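Participant:
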C-alpha cells in the first residue's frame, strides 16, 4: 500500500456526474476510472451503490473488469436513517457489500439542514454517524466522511459543526472532509475555518470545494495550506451548477508550484491526454482554455514577442508545457513575423531556418491572406497545405472545376421545408467527374457531392467525418455583403484537423475549407499523388 | 467625478481581445464598451491607439459615438523607446492625442525582460518610465502603469521590481498595477508579495491576474486583501492563453461576499445580461457553467432536494440569483419563466400582468422555440413580433410563398468568382409578386430580391439598412447538419433592431430573420396593415 498521508481523491464518477447534461453509462464509468488510475489518483469514488442501479452494476463489474494500478475504489452513501440500527439499514448494507475497500459517508453538519431537511435532532444525527461508521469499521472498511454544507454550517453554529467532526473521528473515520457544498466560500474563509477546525478537533481533514465563486481550486489549496491532507476533485472540474475543484488544476498547482509528490512518478505528463480522453467519453468538447491542459493554455499570439520567445521560452510561460503533456503553440496572427512562421513551420515538421527567401515569401503570402480575412490561428491544416505549396510540393488529389448549389423553400411562411442540392465538377486522377447530392443545407449538400465524386477513387473518404463547422462574419457593419470566415474541422478517428475558407459568399468560403479539409485528410491517409 | 478610491478597471477590449480566435471590429468594440459602462465599471481600456489602426479608429469614433455614464476610457500603450525623448516618440504622441483622459502604460519590471526582450539597461528602463509618465502628466493625463511580469520579476530580483514601482509613483502615476503576466502565481504568493511591495514603495497598487493556474479570481481577491485598490478584469475572463480574471466573478465576490460598493446602485443585477450580450458580440457561446452568470450557475437537479429547496432556497444556494440577474432553475429545460416574460413584455410596451392564460401560452411558445435553437436574448424585434401574434395583432405586410437561391462558382481552384441569384415569390397587398436579384452571397441576394419585390409598395424599404449579420452554429459536434442560428440587425437611421432565425439550412435561417427584420422595419415606419 503506497503512502497516502497526503492524497488526491477523485469524485468525477459521483459528484462530477451531477453536471447538467452529463449521463454516464457503466461502460463510460469503467473507462473513466481506468484513465483516472493511469493518471495516478489515490482514490476513485465510483458512485452510490444501492441508491442507483447503474452504480451497483459499476461496482460489480469493476471488481473483475478493472485492474487498478494506483487507485482504490470508494463507494459513496449516506449514514443510516434516523431511528434504525446501521446493521439493519439496507442502504448501509449495500455500501458494505459493494466490494469497495473504502466507503465515503455523507453526513449533515449544518444544524439547519439536520432539522429542516433531515427532520431529526442534532443528537440523533451524531448517533447516526457514530453507528454507521462503527458498523463499517467492524466489517473492515476504511471510512471517509463528507460533512455536507460544512462551511455554511460552521458560520451559523460552529459548535455543532465541530461536534460532527469530533463524532466522526472518534468513531474511527480516517479523514473528515469539510465540504463547501453551496460553493460560496472564498480562500481566506477556508484557511481560517479549516485551521480552527483542525485545532478544535484534532481530526485529519479533507476538502471538497464547489466552484460557485470561481475559487474552487484556490479554496482547495487554501485548505491544504491550513492542514488538509485529502483533496477531492473532478476531472475537468465537472460537477453540479458551476462545477467542482478541477483535478488537473489542483494537481498542477500542488505538483508544479508547491513541489508535492501528489502523483506517482511519470503520471503528470499524462495530464493533457487524460483530460481530453475524459471529455471525449463524457461527450463535452474539451475546454480549449482550461489551465495546463487546454489547447490554448500555452498558445502565444506571436508577433510582438516571437523573437524573444525563441531565445528564452521560459520567460513567457509559467511552467514547461511538456511536464503536463501539452505543447507551446505559436498562433499565426495579424502581426505574423518571420520568427513566428519559422517556429510554426518547425512545429509542423518543416525546417525553414536555412531559407530566408522562402520564409520572406511565406510571410508575405500569409499577411496577404490575413488581410483578406484568413486566420491560420486555428487552421493548422490550411497552413500546412500553404507551406507545402510554397515548398513546391502542393497537395493535389483533385482539381475543382466548378460548383453550384440550389437551395429553396416552397410553401408558406412557417410551413414547408428548405432543401439544398449541390453539383460539383472535378478532375480526379485525370478523369472529369460530375456529381450531385442533396443535403439539409448548402454546405451539407456540397460535402456529400464532393464525397460522391471521389469516394470510388479514394475509399478512405468514407472514414473522414466533418466534426465541427464555425462561421464568423468579419466587419459586422457591412451587412450581408461582409466577408465570411469558415472553419471546418474533420476527424478520422485518430485525430482532427481544421481548415479555413474566406469569401463574400458563405457557400464559397465553406467550399474552400471543405475542399482543403478533404485534401488534408487524404494526405494523412497516405494516398500517393499523381 | 465619482469616488474611485477602489475601482474596477476593465480590459476586455485590449487584453481580452488577445483570446485565441477573437477578432473584434470597431463596431463590436463600441458595443461592448457601451455594455461595460451600463454594468458600471469605472475604467474601460479601449486598445492601443497608434499601434493598431482599428484601435486608433475606436478612440476617434468613441469620442462622438459613445455616451458613457459611469466609465472613463483608457488608452493603452508602452513607455517611450530607449534613447529618445518621450515628447519625440510617435507612439507616446498617439496615446496623448487619442482623446482618452486616462493612459495605461505598460513597462517591464522583470530585469531579465528588460535586458533580454527590451535589450536595454535597468536604468534606462526607469528613465523611460519617468520620462513618459512625466510627459503625459504635463499634458493633463491621468496615468496608470502596468508592471509586466511583475511577480516573476519580483521573485527573481525584488529590488529591481520595487525600484520600478517607486519610479512610477514618483513620476506621478496614480496606480501601479502589478501584473501576473504569465499567470503562474497562487493566492498565498500574491498576498505576501503585494503586502511587501506596498510596504516598500508606499505606492497605490492594482492587480492584473492571468488565469493559468485557475486562480485569477482568487489572486485578484488576494491582492485586494493585501491592499490593492484597482482590479483589472475582462468580461467572461476572455484573454490570452487560459484568460484573465473574470470581471463578473471578481465583482460578484467583492460585492456579494465582501460587501464592497464596487458598482453604482442597480448595476449588479445587469450582470447576467451583460455577460451574455458580450459573448454574443464576441461570437463565443456563453459559458453555461460560469460563476454567477452561467445558465447552470443556479441550476439544481430537481428530485433529491426539490421540496427542501422550495421551502428554504437559501439553504441550497450561495447567493440570491436575482441579485445578479440570474434565476434558480429546477428543470433542465425551464429557461423562460413567467416573471421574466412579463417583465420583458412590459419593457416592449405590453402589459400582460392581467392575463395569466396569455402569459402561460407565451411562455410555452417561447420554451418550444428556445428548445429548437431560438434565443430572444438579443432579438427584441422577433420577440415583439411574437408577442403581437399571440395578442392577435400579427404583423403581416407580406406573405412569403417561396424562395430559391442558386449559388455557383465557375473556373478553377483559386480563380473564378462565386455568384448568387435569389428568386422570391410573395403576396404583397393582395398581389402576387415574383422578383429575382443577384448578390455577392446567398443572403445578400435574398435581401435584394425581397426589397425589389416590395419597394414599389413600401418605398421606405430603401432607407432600411442591414447593419449586422451574425451566425452561430449550435451543437458544434454534428458538423454541417447542425442547427444554425442567425441574428440580423437592421437600422433606419433612427435606431436599430435585431431579429433571429433558426434552421438546419443557413439560408433558410437567414431568410426567417431577414423577413422579420423587414416586417419590423415597416412597422416602425408606421405603414398601415391590410
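Protein chains in written order, with the UniProt record's numbering: chain A, 1 to 530; chain R, 1 to 530.
Positions of the beta carbon are idealized from the N, C-alpha and C atoms, including for glycine.
Nothing here was measured: the structure is a model prediction, and the numbers come from that model.
Compute the beta-carbon to beta-carbon distance between residue 212 of chain R and residue 291 of chain A, rounded to the nearest angstrom, for a pair I have assumed lies under 8 Å.
Facilitator: One-based indexing of the second chain puts residue 212 of chain R at position 212. One-based indexing of the first chain puts residue 291 of chain A at position 291. Rounded, the Cβ-Cβ distance is 6 Å, consistent with contact.
Participant: Let me know the secondary structure DSSP gives residue 358 of chain A once reduced to three states.
Facilitator: On the first chain, residue 358 of chain A is found 358 positions in, with the first residue counted as 1. Helix, per DSSP.
Participant: Going along chain R, which residues have a C-beta under 7 Å from residue 403 of chain A?
Facilitator: Taking the first chain and counting its residues from 1, the one referred to as residue 403 of chain A is at position 403. The answer, in chain order, is 408 and 409.
Participant: How would you list, in chain order, the residues of chain R whose beta-carbon sits under 8 Å from the beta-carbon of residue 397 of chain A?
Facilitator: What you label residue 397 of chain A is simply residue 397 of the first chain in a count that begins at 1. Ordered by position in chain R, no residue passes the 8 Å Cβ test against residue 397 of chain A, which lies about 12 Å from the chain.
Participant: Could you tell me if residue 124 of chain A is buried or exposed, where buried requires 16 or more neighbouring beta carbons within 10 angstroms of its beta carbon?
Facilitator: Locating residue 124 of chain A in the first chain gives position 124, counting from the first residue. That one is exposed.
Participant: Cβ atoms of residue 484 of chain R and residue 381 of chain R: under 7 Å apart, would you say?
Facilitator: As a position in the second chain, residue 381 of chain R is number 381, starting the count at 1. As a position in the second chain, residue 484 of chain R is number 484, starting the count at 1. Taking 7 Å as the Cβ cut-off, residue 381 of chain R and residue 484 of chain R do not qualify as a contacting pair.
Participant: List the residues of chain A whose Cβ lies closer than 7 Å to the Cβ of residue 108 of chain R, in chain order.
Facilitator: To locate residue 108 of chain R, count along the second chain from 1; it is residue 108. Chain A residues near residue 108 of chain R: none, gap ~11 Å exceeds 7 Å.
Participant: Could you confirm whether any beta carbon from chain A is found closer than 7 Å to the beta carbon of residue 479 of chain R?
Facilitator: Indexing the second chain from 1 puts residue 479 of chain R at position 479. Low confidence applies here, because residue 479 of chain R scores a pLDDT of 47, under 50, leaving its location unreliable and the question unanswered by this model.
Participant: For residue 598 of chain R, tell me which candidate among R:147, R:156, R:367 and R:120 has the shortest Cα-Cα distance.
Facilitator: Residue coverage of chain R in this structure runs from 1 to 530, which leaves residue 598 of chain R outside it and unanswerable.
Participant: Give the DSSP-derived three-state secondary structure of residue 109 of chain R in the structure shown.
Facilitator: The residue you call residue 109 of chain R lines up with position 109 of the second chain. Coil at residue 109 of chain R, not helix or strand.
Participant: What is the C-beta distance between residue 96 of chain R and residue 139 of chain R, in whole angstroms, given that I count them as a contact (C-beta under 8 Å)?
Facilitator: Mapped onto the second chain, residue 96 of chain R falls at position 96. Mapped onto the second chain, residue 139 of chain R falls at position 139. Sure, about 5 Å apart at Cβ, within 8 Å.
Participant: So what does DSSP say about residue 245 of chain A, is it helix, strand or coil?
Facilitator: Position 245 of the first chain holds residue 245 of chain A. Here residue 245 of chain A sits in coil by DSSP.
Participant: Name the chain R residues whose beta carbon is nearer than 7 Å to that of residue 311 of chain A?
Facilitator: Residue 311 of chain A sits at position 311 when you count from the first residue of the first chain. By Cβ distance, chain R contributes 116.
Participant: Which same chain residues end up closer than 6 Å to residue 29 of chain A when comparing Cβ atoms and leaving out the 5 residues on each side of it in sequence?
Facilitator: Residue numbering aside, residue 29 of chain A sits at position 29 when the first chain is read from its first letter. Counting only Cβ-Cβ distances below 6 Å, and skipping sequence neighbours, we find 13 and 58.
Participant: Please confirm whether residue 366 of chain R has its beta-carbon closer than 7 Å to some beta-carbon of chain A.
Facilitator: Counted from its first residue, the second chain places residue 366 of chain R at position 366. Residue 366 of chain R does not count as touching chain A.
Participant: Are residue 40 of chain A and residue 73 of chain A close, meaning C-beta to C-beta below 7 Å?
Facilitator: As a first step, residue 40 of chain A is located in the first chain; it is residue number 40 there, counting from the start. As a first step, residue 73 of chain A is located in the first chain; it is residue number 73 there, counting from the start. No, Cβ-Cβ distance for residue 40 of chain A and residue 73 of chain A is not below 7 Å.
Participant: Kindly say whether residue 508 of chain R, judged by its beta-carbon, lies nearer than 7 Å to any beta-carbon of chain A.
Facilitator: Looking up residue 508 of chain R in the second chain gives position 508. It does: the Cβ of residue 508 of chain R has a partner Cβ on chain A nearer than 7 Å.
Participant: Using DSSP's beta-bridge definition, name the partner residues of residue 469 of chain A.
Facilitator: Start at 1 with the first residue of the first chain, and residue 469 of chain A comes out as number 469. Its beta-bridge partners are A:488.
Participant: Tell me whether residue 526 of chain A is buried or exposed, calling it buried when 16 or more other Cβ atoms sit within 10 Å of its Cβ.
Facilitator: As a position in the first chain, residue 526 of chain A is number 526, starting the count at 1. So residue 526 of chain A ends up on the exposed side.
Participant: Using a Cβ-Cβ cutoff of less than 8 Å, which residues in the same chain neighbour residue 81 of chain R once the five nearest sequence positions on both sides are dropped?
Facilitator: For the purposes of this step, residue 81 of chain R is taken as residue 81 along the second chain, with counting starting at 1. If we look at residue 81 of chain R and ignore the five residues flanking it on each side, its Cβ neighbours are 89, 91 and 128.
Participant: Using 7 Å as the threshold, is the C-beta distance between residue 244 of chain A and residue 210 of chain A below it?
Facilitator: Counting from 1 along the first chain, the entry for residue 244 of chain A is found at position 244. Counting from 1 along the first chain, the entry for residue 210 of chain A is found at position 210. Yes, Cβ-Cβ distance for residue 244 of chain A and residue 210 of chain A is below 7 Å.
Participant: Ordered along the chain, which non-local residues of its own chain (more than five positions away) have a Cβ less than 8 Å from that of residue 142 of chain A?
Facilitator: Stepping through the first chain from its first residue, residue 142 of chain A is reached at position 142. 101, 102, 103 and 174, listed in sequence order.
Participant: When you compare only the Cα positions, how much space is there between residue 328 of chain R and residue 451 of chain R?
Facilitator: Position 328 of the second chain, counting from 1, holds the residue named residue 328 of chain R. Position 451 of the second chain, counting from 1, holds the residue named residue 451 of chain R. Each residue's Cα considered, the two are about 44 Å apart.
Participant: Counting contacts by CB-CB distance shorter than 7 Å, is residue 143 of chain A in contact with chain R?
Facilitator: As a first step, residue 143 of chain A must be located in the first chain, where it is residue number 143. Residue 143 of chain A does not count as touching chain R.
Participant: Helix, strand or coil for residue 185 of chain A? Go by DSSP, reduced to three states.
Facilitator: Counting from one through the first chain, the residue named residue 185 of chain A turns up at place 185. Residue 185 of chain A: coil per DSSP, three-state reduction.
Participant: Which residues in chain R sit within 8 Å of residue 70 of chain A, going by Cβ to Cβ distance?
Facilitator: Locating residue 70 of chain A in the first chain gives position 70, counting from the first residue. Those within 8 Å of residue 70 of chain A in chain R number zero; the least Cβ separation is about 23 Å.
Participant: Provide the residue span of the beta strand (DSSP E) that contains residue 393 of chain A, from first to last.
Facilitator: Here residue 393 of chain A corresponds to residue number 393 of the first chain, with the count starting at 1. Where residue 393 of chain A is concerned, there is no enclosing beta strand (DSSP E), given that its DSSP letter is neither H nor E.
Participant: Measure the beta-carbon distance from residue 441 of chain A to residue 505 of chain R and round it to whole angstroms, keeping in mind my assumption that it falls under 8 Å.
Facilitator: Here residue 441 of chain A refers to the residue found at position 441 of the first chain. Here residue 505 of chain R refers to the residue found at position 505 of the second chain. Contact flag correct, Cβ pair sits at about 4 Å.
Participant: The alpha helix (DSSP H) with residue 29 of chain A in it runs from where to where?
Facilitator: Taking the first chain and counting its residues from 1, one reaches residue 29 of chain A at position 29. It spans 26-39 - the alpha helix (DSSP H) in which residue 29 of chain A sits, taken as one unbroken run.
Participant: Should residue 36 of chain A and residue 10 of chain A be called a contact, given that it needs their Cβ atoms to be closer than 7 Å?
Facilitator: Taking the first residue of the first chain as position 1, residue 36 of chain A is located at position 36. Taking the first residue of the first chain as position 1, residue 10 of chain A is located at position 10. Taking 7 Å as the Cβ cut-off, residue 36 of chain A and residue 10 of chain A qualify as a contacting pair.
Participant: Under the assumption that residue 246 of chain A contacts residue 214 of chain R (Cβ atoms under 8 Å), give the Cβ distance between them as a whole number of angstroms.
Facilitator: Counting from one through the first chain, the residue named residue 246 of chain A turns up at place 246. Counting from one through the second chain, the residue named residue 214 of chain R turns up at place 214. Confirmed, about 6 Å.
Participant: So, helix, strand or coil for residue 195 of chain R, using DSSP?
Facilitator: Position 195 of the second chain, counted from the start, is the residue given in the question as residue 195 of chain R. If DSSP states are grouped into helix, strand and coil, residue 195 of chain R belongs with the helices.
Participant: Would you report the Cα separation of residue 332 of chain R and residue 368 of chain R, rounded to the nearest angstrom?
Facilitator: Here residue 332 of chain R is taken as the residue at index 332 of the second chain, counted from 1. Here residue 368 of chain R is taken as the residue at index 368 of the second chain, counted from 1. Confidence at residue 332 of chain R is low in this model, with a pLDDT of 29, below 50, so its placement is unreliable and the value that follows should be read with caution. For residue 332 of chain R and residue 368 of chain R, the distance between alpha carbons rounds to 13 Å.
Participant: Can you tell me whether residue 220 of chain A is buried or exposed, with buried defined as 16 or more other CB within 10 angstroms of its CB?
Facilitator: By one-based count along the first chain, residue 220 of chain A stands at place 220. Residue 220 of chain A comes out buried.
Participant: Grouping DSSP H, G and I as helix and E and B as strand, with all else coil, what is residue 5 of chain A?
Facilitator: Residue 5 of chain A sits at position 5 when you count from the first residue of the first chain. Coil at residue 5 of chain A, not helix or strand.
Participant: Please state if the CB of residue 217 of chain R and the CB of residue 272 of chain R are separated by a distance shorter than 7 Å.
Facilitator: Taking the first residue of the second chain as 1, we reach residue 272 of chain R at position 272. Taking the first residue of the second chain as 1, we reach residue 217 of chain R at position 217. No. Outside cutoff.
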